[in-house]
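Structure record follows, encoded as structure tokens.
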Amino acid sequence: MTDLGFPPKGPTVLCCDNQSAINMINARVRTERSRHIDIHHFAIQDWKESGAIVMEFISGVINPSDDLTKPLGWVLHDRYARRVMGHY
Amino acid sequence: MLRQVDDFAVACPNEDLAKCLYAQIGKALQLPSEDTPPFKCLNLIKDFNGLDVAQHSDAIKLSCEKYMDRVLTTHGWSKPSPPVPSKPSVPLPVDAVTSLYVHQGPPENTAEHATLVAKYGFAYRTLLGELLYACVTCWPDIGYATITLSKFSTCPHDHHFAMLKKVAKCLRATKDWGIIYRRSHTDTSLPPSNFICSTMDAELPDFPTVDTQEPVAFLMPYMPIICATADLLQAMPSYYVAAPSPTDAKHSPSPLPAPLKQNFLPLLPPRSLLDTCEPS
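Below is the structure:
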């Protein structure tokens, strides 16, 4: 987008519904369990430190990306689909 | 020599600017033997490649209602059968993941497969392709359903046929849905829309709208410029469409007029790049 003349105004906000994943990225500590995660997945910690992204928590009930990863009932599907399509 | 044979859309803030751009392109396309430029402006965009574009003073809506109508009429499903369900339909039922993966149907090009096609009245891959187009243009919500069902296209079971038909039925129910981009500045030359702006669920937080954050650009690989970001929309609220007739045109760089320079230069590659790829 910078090439097109529309540079980003700030860091990209990355919403995640997993609080412990956010904590792992923000804290940058290796725990007993996280040492089995491949090293290249930790690049996200570097991005966070360089200011390219900001991690934020979003509740699982209002996370529209769920609609793209699993089949949902009509209440949630209607809510997320309309959200993604800009209806409200 | 360049040959320009296709329609294209231009996004820009007002009609005068669009006309100015057309005049420039038309002049560049015109051969010495031609009296008029082989290039026509078709005014404000209404549809483009099977996509309906509804333009309002406060929003732009991209939908493919006409395309879906055509698909449904071809299959003879344009009218819902009498018992209309009370609840809105979903592309895939909640328990679909377990039920879809346990069945395996007969391979394609076998007699059993042909029986299934005859029973349902549509070819699995044909309908899947039609739904995939709808998915990448303006129904991101059927993304999961179509991608999952496409995994079974070599050996579709009776169950997969039924599920695929349900996706089409779901689209029939939500045929008028589309992707809505809100304008950050109202364009008074266009009629106002009746899209509801308020949130339906009070508990929803102030989720990024298309005005401030990147919209669903990743879902629309065919429209990289039109839908790239909302920032683009902010700068260029209206679309105009032009259709040049098939012609040979000599590429002749000419100085851009001031309004074009101001609005379009940031979008163009650097001058040096243009010079190096000039056709011989």
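Heads up: the protein sequence lines correspond to chains A and B, in order.
Numbers 1 to 88, taken from the numbering used here, label the letters of the first sequence in order.
Numbers 89 to 368, taken from the numbering used here, label the letters of the second sequence in order.
We put the beta carbon where it would ideally sit given N, CA and C, even for glycine.
Please list the terminal residues of the continuous alpha helix (DSSP H) segment that includes residue i.
i: residue 45(A); result: 43-50
i: residue 82(B); result: With chain B running from 89 to 368 in the structure shown, residue 82(B) is simply not present.
i: residue 154(B); result: 153-163
i: residue 132(B); result: Residue 132(B) -> not in any alpha helix (DSSP H); beta strand (DSSP E) instead, spanning 127-132.
i: residue 35(A); result: Note, residue 35(A): premise wrong, no alpha helix (DSSP H); not H, not E.
i: residue 72(A); result: Note, residue 72(A): premise wrong, no alpha helix (DSSP H); not H, not E.
Please confirm whether residue i has its beta-carbon closer than 8 Å to some beta-carbon of chain A.
i: residue 175(B); result: yes
i: residue 325(B); result: Here the model assigns residue 325(B) a pLDDT of 39, short of 50, so the residue's position is not dependable and the matter cannot be decided.
i: residue 229(B); result: yes
i: residue 290(B); result: With a pLDDT of 39 at residue 290(B), under the threshold of 50, the modelled position of that residue is not reliable, and no figure is offered here.
i: residue 321(B); result: Residue confidence for residue 321(B) is low, a pLDDT of 40 falling below 50, so the modelled location carries little weight; the figure read from the coordinates is stated next. Output row for residue 321(B): interface = no.
i: residue 359(B); result: In this predicted model, residue 359(B) has a pLDDT of only 43, less than 50, meaning its place in the structure is not dependable enough to derive any value.
i: residue 217(B); result: no
i: residue 232(B); result: yes
i: residue 190(B); result: no
i: residue 178(B); result: yes
i: residue 269(B); result: yes
i: residue 114(B); result: no
i: residue 265(B); result: yes
i: residue 309(B); result: Because the pLDDT at residue 309(B) is just 32, under 50, the model does not fix this residue reliably, and the value given afterwards should be weighed accordingly. So, not an interface residue.
Hey, is residue i's beta-carbon within less than 8 Å of any beta-carbon in chain B?
i: residue 17(A); result: no
i: residue 41(A); result: no
i: residue 21(A); result: no
i: residue 38(A); result: no
i: residue 81(A); result: yes
i: residue 85(A); result: yes
i: residue 74(A); result: yes
i: residue 46(A); result: no
Following the continuous beta strand (DSSP E) through residue i, name the residue where it begins and the one where it ends.
i: residue 56(A); result: 53-57
i: residue 146(B); result: Careful: residue 146(B) lies outside any beta strand (DSSP E) and carries neither H nor E.
i: residue 375(B); result: Look at the range of chain B in this structure, 89 to 368, and you will see that residue 375(B) is not part of it.
Got a sec: does the ligand SAM put a non-hydrogen atom nearer than 7 Å to the Cβ of residue i?
i: residue 124(B); result: This structure lacks the ligand SAM, and indeed carries no ligand of any kind.
So within the segment 215-280 of chain B, which uninterrupted alpha helix (DSSP H) runs reach at least 4 residues, ignoring any that extend past its ends? Segments of the alpha helix (DSSP H) lying fully in the segment 215-280 of chain B: 231-238, 246-261.
Please list the segments of the beta strand (DSSP E) lying wholly inside the segment 3-31 of chain A, counting only runs of 3 or more residues, in order along the chain. For the segment 3-31 of chain A, whole beta strand (DSSP E) runs of length 3 or above, ordered along the chain, are 12-16.
Which ranges would you report for the alpha helix (DSSP H) in the segment 183-207 of chain B if only whole runs of at least 4 residues count? The qualifying runs are 184-190.
Contact residues within the segment 54-72 of chain A, judged by C-beta distance below 9 Å to chain B: Correct list: 58, 59, 61, 62, 64, 67, 68, 69, 70, 71, 72.
With a threshold of 8 Å, are at least 3 pairs of Cβ atoms found where one atom belongs to the segment 209-226 of chain B and the other to the segment 137-151 of chain B? Yes, since at least three Cβ pairs between the segment 209-226 of chain B and the segment 137-151 of chain B fall closer than 8 Å, the two stretches touch.
Per the contact definition of three or more C-beta pairs closer than 8 Å, is the segment 200-220 of chain B in contact with the segment 234-243 of chain B? Touching, yes, given that three or more Cβ pairs across the two stretches are closer than 8 Å.
Taking contact to mean at least 3 C-beta pairs separated by less than 8 Å, is the segment 111-129 of chain B in contact with the segment 248-266 of chain B? The segment 111-129 of chain B vs the segment 248-266 of chain B: no contact.
Does the segment 65-82 of chain A come close enough to the segment 40-52 of chain A that 3 or more CB-CB pairs lie under 8 Å? No: the two stretches stay apart, fewer than three of their Cβ pairs being nearer than 8 Å.
Counting only Cβ-Cβ distances shorter than 7 Å, please list the residues of the segment 140-157 of chain B near chain A, keeping chain order. Taking 7 Å as the Cβ-Cβ cut-off against chain A, none of the residues of the segment 140-157 of chain B qualify.
Going along the segment 180-211 of chain B in order, which residues come within less than 7 Å of chain A, judged by CB to CB distance? For the segment 180-211 of chain B, which is checked against every Cβ of chain A, the residues closer than 7 Å are 180, 181, 182, 184, 185.
The segment 137-147 of chain B contacting the segment 264-274 of chain B, beta-carbon criterion three pairs below 8 Å: Counting Cβ pairs under 8 Å, three or more are found: they touch.
When the Cβ atoms of the segment 244-252 of chain B are set against those of the segment 107-116 of chain B, are three or more pairs found closer than 8 Å? No, the segment 244-252 of chain B is not in contact with the segment 107-116 of chain B.
Sufficient close CB pairs (3 or more, under 8 Å) joining the segment 31-39 of chain A to the segment 54-66 of chain A: In the pairwise beta carbon analysis, the segment 31-39 of chain A is classified as not touching the segment 54-66 of chain A: fewer than three pairs are separated by under 8 Å.
Given 8 Å, three or more beta-carbon pairs between the segment 189-199 of chain B and the segment 20-34 of chain A: Between the segment 189-199 of chain B and the segment 20-34 of chain A there are fewer than three C-beta pairs closer than 8 Å, too few to call the two in contact.
Examine the Cβ distances between the segment 196-206 of chain B and the segment 127-135 of chain B and report whether three or more of them are shorter than 8 Å. Taking one beta carbon from each stretch, the segment 196-206 of chain B and the segment 127-135 of chain B have fewer than 3 pairs nearer than 8 Å; the two do not touch.
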